[in-house]
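Read in order, the letters of the sequence shown are residues 1 to 195 in full-length UniProt numbering. Glycine included, C-beta positions come from ideal geometry on N, C-alpha and C. Model, not experiment: these values are computed from the prediction.
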Amino acid sequence: MSSVSPLSLTNLSSSLTALALLSSNLHGELPENMFQMPKLEALSLSDNHLNGQIPCSFLNLQRLEELYLSDNNFSGQLPEVCSNFSQKSPPDGSSKYLVESARPNLTTLWLDGNLLNGTIPSWIYELPYLEHLELGNNLFTGEIREFKSTSLQSLSLSENKLRGIIPRSIFHQAELMNLNLSSNNLTDSVLDFRV
C-alpha cells in the first residue's frame, strides 16, 4: 500500500461515529481539523508512521470513548488544555472543568510506543470512566498521581522516566487485571504486600 497523507482524512463525514485506519501506512502530522467530527466515539490510527505533536483539538471530541494512537512517532507533550477553551477555563487554570465539559466519556486511551514526553497531563488522571490506559514506551517524566476513575482494568506506564512513589490507591482498584509500571524510577510503596 502506498503512503497516505493524513490531509486526505480532513473531508470525512461529520456524522462518523467510528474510524479505524490502523496499519494503513499513514505518514506525516495530523492536521488540527482532523478532529472536527462531533459524533466520533472511537478512533484508531495505531501502527502507522504519524509524527509531530498530537493536536489539542482531539480534546474537543465530547463523545469520544476510545482513542488508539499507539506505535507511531508522535512527539512532544500531550496538551493540557486547548485554545478553544480559553474563554471557558476557570481563572485558576484547573482542568477539572475541561474534563467534565470536553471528554467525559473517554474509557480507553492507548498512546504507547511513541516519543511523547513531559508530565502526564492532569486531565488523564481526572477521567471519571477510564478503564484502559496504555502510555508505555514513551519518555514521560514526573510522578504518578491518583486516578479519579475506580474502573481501571488495565494500566501500563512502563518504559518511561517516571519517578516517585507508586500511589497505593492503584493497588485498591477492584477491577484492575493488568498493571505494568516496569522500567521507570519508581519507589516501591507496597513492601507490606510481600508477606
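Look at the region 26–85 and you find these whole runs of beta strand (DSSP E), each 3 residues long or longer: 27–29, 42–44, 49–52, 66–68, 73–77.
Between L130 and the set S122, N114, L116, T107, the nearest pair of CA atoms involves T107. Collapsing the DSSP output to three states places F171 in a helix. Residue T150 holds the alpha-carbon nearest to the alpha-carbon of A174 among L186, S122, T150.
In this structure S57 touches F35 by the C-beta definition: roughly 4 Å separates them, less than 8 Å. Residue pairing by DSSP places I165 opposite T187 in a beta bridge. For T107, DSSP assigns no beta-bridge partner whatsoever. The Cβ-Cβ distance between L139 and L155 does not fall below 8 Å.
S24 places its beta carbon less than 8 Å from that of N48.
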